[in-house]
Amino acid sequence: MKDKFLNDLRLFLQNKNVSDKDCDEIVKDYKEFYEEYLQRNYTDEQIYEKLGTFDEIYINIEPTIKKRQIEKKWQKKLISITPLLSVIIFISVGVLSNTWHPTWLIFLSVPISGVLFNGKKIKYKIMGILPLLLVITYILIGTIFKVWHPTWLIFLFIPVINILLAD
Amino acid sequence: MTTQLKKGIIEICVLKVISQKDMYGFEIIELLNDKLQTNENTIYPLLRRLTKQNLLENYEKKSNTGAPRKYYRITSKGVETLENYLLEWETFIKEVNKILGD
């Protein structure tokens, strides 16, 4: 019964989009309360009554919790449509101007949009997008100006930025 | 007594009891439930809020049964806040008693 209570509480909080950290903390605290009541020989039914319904628990703790960031609808739509747009642009530019390379770089917009609009903190977005942007930059400079060396040095920004932005 | 007034008083009481000794969540709930007819759904959110406001901090310690317990202790900011609350409370009670005494 205790495990059921705690699992149901966790599911309830997750459905309310409570952050994982707060969820773990709250379930751990209620586990402590439940076990304290069990030690005092309360029955499961009595404990359920003491601890209250999940709605009561949630209403009272809501001001103290962080919600998980949910991607907005338009962001989800943009991420979904990027592959199709990339294909259309690639084929259009390729057919009209016979410039297949470096037009293929447009496909890198697919992972870029996924990183940009996934709702995480800005520093994780920078760490995710930087390698892709550097690949695009390297290929464009190399293709247009034929300067492959020492342009490759820009890739050294990846570990530098990751070290600077890491937790 | 109105809910709002009771909530304010319970906050002072929670800070006061924890200022006297570190206590674990259930211990605080039992103590205040006995005296003020409160329950987990009043005390627990309050403990969370006071911790987020840095008036309390918590740590884990093993209980007699070996299971971990979350203990709360008051911070220096909590002590300062409690002193202000107690001063306000004493002034408030004094004024109310003057009015009721009339």
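Residue numbers (my numbering), protein chains in the order written: chain A, 1 to 167; chain B, 1001 to 1102.
Built from N, CA and C at the ideal position, the CB exists for glycine as well.
Quiz item: Taking buried to mean at least 16 other C-beta atoms within 10 Å of its own C-beta, is A:Ser113 buried or exposed?
Solution: Within the first sequence, the letter at position 113 stands for residue 113 of chain A. So A:Ser113 counts as buried.
Quiz prompt | Pick from A:Tyr48, A:Phe145, A:Leu78, A:Tyr138 that is closest to A:Ser109, judged by C-alpha positions | solution = Position 109 of the first sequence, counted from the start, is the residue given in the question as residue 109 of chain A. The shortest C-alpha separation from A:Ser109 is found at A:Leu78.
Quiz item: Is the Cβ of B:Asn1054 closer than 8 Å to any Cβ of chain E?
Solution: Looking at the structure shown, chain E is missing, and the protein chains on hand are A and B.
Exercise. Express the C-alpha separation of A:Pro63 and A:Asp55 in angstroms, rounding to a whole number.
Key: Stepping through the first sequence from its first residue, residue 55 of chain A is reached at position 55. Stepping through the first sequence from its first residue, residue 63 of chain A is reached at position 63. So the alpha carbons of these two residues sit roughly 14 Å apart.
Exercise. Answer yes or no: does any C-beta atom of chain A fall closer than 8 Å to that of B:Tyr1044?
Key: Numbered from 1 along the second sequence, position 44 holds the residue referred to as residue 1044 of chain B. B:Tyr1044 counts as touching chain A.
Quiz item: From B:Ser1019 to B:Val1079, what does the alpha carbon distance come to, in whole angstroms?
Solution: As a first step, residue 1019 of chain B is located in the second sequence; it is residue number 19 there, counting from the start. As a first step, residue 1079 of chain B is located in the second sequence; it is residue number 79 there, counting from the start. Here the C-alpha atom of B:Ser1019 lies approximately 7 Å from the C-alpha atom of B:Val1079.
Self-check item: Collapsed DSSP secondary structure at B:Arg1048 in the structure displayed
Solution: On the second sequence, position 48 is the one that residue 1048 of chain B refers to. Three-state result, B:Arg1048: helix.
Exercise. Go ahead and label A:Arg40 buried or exposed: buried means 16 or more other beta carbons lie within 10 angstroms of its beta carbon, across all protein chains shown.
Key: Position 40 of the first sequence holds residue 40 of chain A. A:Arg40 comes out exposed.
Quiz item: Using DSSP with H/G/I as helix, E/B as strand and the rest coil, what is A:Pro102?
Solution: Looking up residue 102 of chain A in the first sequence gives position 102. In this structure, A:Pro102 counts as coil in the three-state DSSP scheme.
Quiz item: Which class does A:Asn60 belong to by DSSP, given the choice of helix, strand or coil?
Solution: The residue you call residue 60 of chain A lines up with position 60 of the first sequence. A:Asn60 sits in a helix when the DSSP states are folded into three classes.
Quiz item: Cα separation between A:Asp44 and B:Val1014?
Solution: The residue labelled residue 44 of chain A in the question sits at position 44 within the first sequence. The residue labelled residue 1014 of chain B in the question sits at position 14 within the second sequence. Spanning the two alpha carbons is a distance of roughly 28 Å.
Practice problem: State yes or no: is the beta carbon of A:Glu45 nearer than 8 Å to at least one beta carbon in chain B? | Solution: For this step, residue 45 of chain A is matched to residue 45 along the first sequence. Not closer than 8 Å to any Cβ of chain B, the Cβ of A:Glu45 fails to qualify, so no.
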